[in-house]
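For reference, the structure is listed below as C-alpha cells.
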Amino acid sequence: MSRYRRLFVSGGTYFFTVKLADGDETTLIDQIDDLRACYGRCAASHPFATRAIVVLPDHIHAVWTLPDGDADFSGRWKRIKAGFARQVGGRPRSASKLRKGEAGVWQRRFWEHLVRDEAELSACLRYVWSNPVKHGLVERAVDWPYSSLHREIRAGPMPEGGV
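In C-alpha cells form, the structure reads like this:
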C-alpha cells in the first residue's frame, strides 16, 4: 500500500487540483448542479472556507482554509468525490478500481499544496481564476461562469495583483 507524504496543518490554507479519470470528459461542467450540491453538502457538514475555486470540464482547482483544530482536507475531498460519483453514476472501471470499490469517475488521488504565506496565496488565487484562459476556454477570466472570481468581483476590490 502506498503511503503519501502530505503536510497536514490544522487551520491551514491549501491549493488543490482534483481531476476526472478521463481527461476528455466534460462531466464537471455538464453536471455542475450535481457537483455544486455535493460540494455544498460537504461544506455544510465539514466546514471550510473556499478562498477560490474554478471548475473546468475535467478538473477543479480550489484554495481552501480549514478551521482551527482541523486538517482533514482528504476526508472532505473523499466526500465530495464520492457524492458526485453517486450522482452521475459509475464509469467503466479497471480491475484495480473494482477491487477498491471506486466508481471510475475521478482520478484516484488529488494534488495539494500548503500555502505558506500571503505571496503564495496571491499567486494561487491568480492561478485558479486565470486557469480557464490558460486552457483556451475563454479569452478573459471573467467570462468563465464556473469560477469564484465572480463572487470576488461582487465583494469589492480584487486582491493585490488581480487576475
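Counting with the working numbering, you get residues -8 to 154 for the letters of the sequence shown. For each residue, glycine too, the CB sits at the ideal point set by N, CA and C.
Original post:
Around the C-beta of R107, are 16 or more other C-beta atoms found within 10 angstroms, so that it is buried, or is it exposed?
Top reply: Translated into the one-based positions of the sequence shown, residue 107 becomes position 116. In the assembly as shown, R107 is an exposed residue. Its beta-carbon has fewer than 16 other beta-carbons within 10 Å.
Original post:
Buried or exposed: L89, going by 16 or more other Cβ atoms within 10 Å of its Cβ?
Top reply: As a position in the sequence shown, residue 89 is number 98, starting the count at 1. Residue placement at L89 cannot be trusted, given a pLDDT of 49 that sits under 50; what the coordinates show is reported in the next sentence. Exposed is the call here.
**OP:** Excluding the 5 residues preceding and the 5 following M(-8) in the sequence, name in chain order all residues of the same chain whose CB lies nearer than 8 Å to its CB.
**Re:** Here residue -8 is taken as the residue at index 1 of the sequence shown, counted from 1. Residue placement at M(-8) is poorly supported in this model, since its pLDDT is 48, which falls under 50; the coordinates still yield a value, given next. Closer than 8 Å at the Cβ level, and outside the excluded window around M(-8), lies no residue.
**OP:** Taking only the alpha-carbon atoms, compute the straight-line gap between K69 and S139 and give it to the nearest angstrom.
**Re:** Position 78 of the sequence shown, counting from 1, holds the residue named residue 69. Position 148 of the sequence shown, counting from 1, holds the residue named residue 139. Distance between the alpha carbons of K69 and S139: 22 Å.
Subject >> Alpha-carbon to alpha-carbon, S65 and H104 >> reply: Your numbering for residue 104 matches position 113 in the sequence shown. Your numbering for residue 65 matches position 74 in the sequence shown. Straight through space, the alpha carbons of S65 and H104 are spaced by roughly 12 Å.
**OP:** Within the segment 30 to 78, note down every full beta strand (DSSP E) run reaching 3 residues or more, in order along the chain.
**Re:** Complete beta strand (DSSP E) runs here, min 3: 40 to 46 and 50 to 56.
Original post:
Sorted by chain position, which residues of the same chain lie with C-beta nearer than 6 Å to F(-1)'s C-beta, five sequence neighbours on each side aside?
Top reply: Here residue -1 corresponds to residue number 8 of the sequence shown, with the count starting at 1. Closer than 6 Å at Cβ, skipping near neighbours: A62.
Original post:
Start and end of the beta strand (DSSP E) containing E130?
Top reply: What you label residue 130 is simply residue 139 of the sequence shown in a count that begins at 1. Run containing E130: none; DSSP gives neither H nor E here.
Original post:
Would you say D10 and Q78 are within 8 Å of each other, going by their C-beta atoms?
Top reply: As a working mapping, residue 10 is identified with position 19 in the sequence shown. As a working mapping, residue 78 is identified with position 87 in the sequence shown. The amino acid occupying residue 10 in the given sequence is Lys; Asp does not appear at that position. It is not a contact, given that the beta carbons lie outside the stated cut-off.
Subject >> Beta-carbon gap between V119 and H52 smaller than 8 Å >> reply: Looking up residue 119 in the sequence shown gives position 128. Looking up residue 52 in the sequence shown gives position 61. Here V119 is near H52, since their CB atoms are less than 8 Å apart.
Original post:
Just curious, the beta strand (DSSP E) that W102 is in, first and last residue?
Top reply: Position 111 of the sequence shown holds residue 102. Its beta strand (DSSP E) spans residues W102 to L105.
**OP:** Pick out whichever of E16, P58 and I20 has its Cα sitting closest to the Cα of S1.
**Re:** As a position in the sequence shown, residue 1 is number 10, starting the count at 1. Of the listed residues, the one whose Cα sits closest to S1 is P58.
Subject >> Distance, K125 Cα to G31 Cα >> reply: Translated into the one-based positions of the sequence shown, residue 31 becomes position 40. Translated into the one-based positions of the sequence shown, residue 125 becomes position 134. Counting only the Cα atoms, K125 lies some 27 Å from G31.
Original post:
Going by C-alpha distance, which of G147, W135, V54 and V96 is nearest D15?
Top reply: Walking along the sequence shown from the start, residue 15 turns up at place 24. Nearest C-alpha to D15: V96.
Original post:
The alpha helix (DSSP H) with Y118 in it runs from where to where?
Top reply: Sequence index remark: in the sequence shown, residue 118 carries index 127 (1-based). That run of the alpha helix (DSSP H) goes E109 to K125.
Original post:
Tell me, which residues are paired with T18 by DSSP?
Top reply: By 1-based counting over the sequence shown, the position of residue 18 is 27. DSSP output for T18 lists no bridge partner at all.
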